[in-house]
Amino acid sequence: MGAIGGGVFQAVKGFRNAPAGVGHRLRGSVNAVRVRAPQIGGSFAVWGGLFSTIDCGLVRLRGKEDPWNSITSGALTGAILAARSGPLTMMGSAMMGGILLALIEGFGILLTRYTAQQFQNPLPFTEDPSQLPPKDGDPQQQQQQQRTKGLFH
Numbered sequence: 000m001g002a003i004g005g006g007v008f009q010a011v012k013g014f015r016n017a018p019a020g021v022g023h024r025l026r027g028s029v030n031a032v033r034v035r036a037p038q039i040g041g042s043f044a045v046w047g048g049l050f051s052t053i054d055c056g057l058v059r060l061r062g063k064e065d066p067w068n069s070i071t072s073g074a075l076t077g078a079i080l081a082a083r084s085g086p087l088t089m090m091g092s093a094m095m096g097g098i099l100l101a102l103i104e105g106f107g108i109l110l111t112r113y114t115a116q117q118f119q120n121p122l123p124f125t126e127d128p129s130q131l132p133p134k135d136g137d138p139q140q141q142q143q144q145q146r147t148k149g150l151f152h
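Per numbering that gives the first Met the number 0, the sequence shown runs over residues 0 to 152.
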């Protein structure tokens with residue numbers, strides 16, 4: 000996923016930054032993909048592997064699988080990957096990872112609730128009020144009922 004996404008992004012970037020001319024632009028695009036896509040794919044693989052490891056560890060440690068595991072995993076992954084850049088950068092990356100995963104999890108919960116409402120069982124059909132038997136206290140309906148009884152009996 001990272002190699003493909005990085006490849007597409009680098010192809011566009013290489014095409015735009017190459018000298019004028021279709022041949023130059025296509026060569027620039029291919030060259031950018033060849034040089035940068037493996038690096039981006041590798042970075043994505045490291046991020047995904049670390050995130051999954053932390054997430055599975057939290058599921059095992061806490062004994063439940065909920066959005067807090069993903070949010071915490073995103074924050075810890077961001078902090079660990081930025082550890083060589085110092086504590087301030089670690090904090091910023093941890094916050095960014097946690098916020099990003101909180102947004103993703105929140106959107107997932109919102110989407111699940113929205114789609115669940117679409118598939119709820121419909122209310123059962125109620126009878127047509129005009130077809131219900133008359134109430135005892137309605138004199139007009141009683142008179143009409145007596146007239147029809149006289150015609151058919």
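No residue lacks a Cβ here, since even glycine has one placed at the ideal position from N, Cα and C.
Cβ-Cβ distance between Ala31 and Gly20 below 8 Å
no
State the Cα-Cα distance for the pair Ser72 and His23, rounded to the nearest angstrom.
43 Å
Give the straight-line distance between the Cα atoms of Phe50 and Leu100, rounded to the nearest whole angstrom.
11 Å
Rounded Cβ spacing between Gly48 and Ile70 (contact assumed at less than 8 Å)
Not a contact, Cβ separation roughly 18 Å.
Can you give me the C-alpha to C-alpha distance between Ala17 and Phe118, rounded to a whole angstrom?
51 Å
Terminal residues of the alpha helix (DSSP H) in which Pro86 lies:
Pro86 to Gln117
Reference Ile53, options Asn68, Glu64 and Arg15, closest by Cα
Asn68
Helix, strand or coil at Asp54 according to DSSP, with G and I counted as helix:
helix
Rounded to whole angstroms, what is the Cα-Cα separation between Met89 and Trp46?
15 Å
Would you kindly work out how many angstroms separate the C-alpha atoms of Cys55 and Gly107, rounded to a whole number?
19 Å
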